[in-house]
Each structure stands twice: as C-alpha cells, then as structure tokens.
C-alpha cells in the first residue's frame, strides 16, 4: 500500500476514535497515539509480506496470503491488545478479546492481499493447470551426425558425404560430394572406417555408399553402378547379390 493510504488511515482512525479512544483522548492525543502504532504495524506487515512472498513462488498466491495473514495476526494482535489495555475503561465501551483481535487482523490481511491481487493480477495469478503440472523438461538437442573415421583422415575442414572408395596402386581414392582425396592405406582398412555410412563392396577394387548410388546400367554381361556426380563403377559377379538384395536388379 502507498504512504498516502497509510496517512489517510491514520487520520481516519484519529478522527473516529475507535475502542473508546474518542471519549478518552483528544484528537491530538489520538493522533499521537495512533500514528506510531499504525506505522509500527505497517512496518511489521511489510516485513512479513516480503518474507512470505519472496519464499513462495508467485503462483502460490493463495497459500502465501493465508500464511501471511496467520503470521501477521500472531504478531500484530498482541500489540493491539497491549495498546487497548492502556485505554482508560468506560462503561459504554467494550474492548475486543484476543481471539477477536486475531480474527480481525487475519481478515484485514486477507483483504489487503485480495486488493493487491486485484490491482496487479499478473504478478500473483497463474492458472490452476499451470500450478498443478510440473514445468516441461526441455527437449534434448539433436545430436550432430557422426562423421566416419575415414573422412576424419582427410585434410579438409568439410569433407562432405562419403560416396565411394576405389583402389589405385597402394592408395585408395576416397570420393565424396566435395571431391576426391587419396590416402595411403588398404581398401579393407578404409572400408572398416566407413561406419555409420551404409554401403558395400561391389568389386575387389571398389566400395560404394548406398545413398550415393544413382542407377544401375548393363553393357552386355557387364554390370555398372552410376553414382551421384556421374562416377561409373563396375560390379563383379560375386557381388551382384548385394544389389539384388536391395531390389536394384
């Protein structure tokens, strides 16, 4: 609440003189008595509210309001009771009991909380569904495709996609979507490093990746595969069953 509200409340209480203070004290006396009391109550209430609402999350507004009202009544009601005990008794005025003071402070605190939530609802409210359900866990980031170990041997930053491996003397020519690179190694060792790319040996001198195979061509009894990029490689008879198993023949 703003300071103007509390100033108005102090002035109102001093003018009306509740609980017999109107008959027992003058306006100036009431003002001097009520002002420090209400200022102390305001300070205690602000401290309690700050403690409770900083501990509980904003969407637990109802629980925080009840807890705040309970703590405020337990602390402020005894202070009010001691203040009332100092007022000279009269025959026409009855003073509230401790239980009534507890209920009064509790109700006023809930009322103030309700008023605050009405003024700034976005700070305190969240749908019941959001309160009941846990926050969704973030989806794991997709893993980057694993590069074949054979391509890691190539001295290039971006080797591209593996298309084929062919033997040339003591070297193997590694054909990728970015070009051809020669490595000094055996074909069997190179084929062992193609995982996770799926492919097969189609000739004693050639290995191809299935994803790079564009079409199959025949020249009489001979069989060839045409890869992406136009490279044409022969298929030996003892490896033709691999193409047939994939429905390419």
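Residue numbers (the numbering used here): 68 to 316. Quick reminder that beta carbons are idealized off the backbone N, C-alpha and C, glycines included.
Supposed close pair residue i, residue j - CB separation, criterion 8 angstroms
i: residue 260; j: residue 244; result: Not a contact, Cβ separation roughly 18 angstroms.
i: residue 251; j: residue 220; result: No, residue 251 and residue 220 are not in contact; Cβ-Cβ is about 10 angstroms, not under 8 angstroms.
i: residue 237; j: residue 270; result: In fact, because the Cβ distance is near 18 angstroms, the residues do not count as touching under 8 angstroms.
i: residue 264; j: residue 215; result: 5 angstroms
i: residue 139; j: residue 176; result: 5 angstroms
i: residue 302; j: residue 292; result: 6 angstroms
C-beta atoms of residue i and residue j nearer than 8 angstroms
i: residue 131; j: residue 123; result: yes
i: residue 231; j: residue 267; result: no
i: residue 295; j: residue 312; result: no
i: residue 77; j: residue 113; result: no
i: residue 254; j: residue 234; result: yes
i: residue 105; j: residue 80; result: yes
i: residue 310; j: residue 283; result: yes
i: residue 168; j: residue 147; result: yes
i: residue 172; j: residue 144; result: yes
i: residue 239; j: residue 257; result: yes
Beta bridge counterpart(s) of residue i as assigned by DSSP
i: residue 11; result: The question about residue 11 has no answer, for the chain in this structure spans 68 to 316.
i: residue 163; result: In DSSP, residue 163 forms no bridge with anything.
i: residue 286; result: 289
i: residue 299; result: 293
Quick one: any contact between the region 161-170 and the region 112-120, if contact means 3 or more CB pairs under 8 angstroms? Between the region 161-170 and the region 112-120, the count of Cβ pairs shorter than 8 angstroms is below three; the stretches do not touch.
Complete beta strand (DSSP E) runs within the region 220-280 (minimum length 3 residues, chain order): Taking 3 residues as the minimum length, the beta strand (DSSP E) runs contained wholly in the region 220-280 are 229-235, 238-243, 246-251, 266-270, 273-276, in order along the chain.
What are the uninterrupted segments assigned as beta strand (DSSP E) that are 3 or more residues long and contained completely in the region 92-129, given in chain order? Runs found: none.
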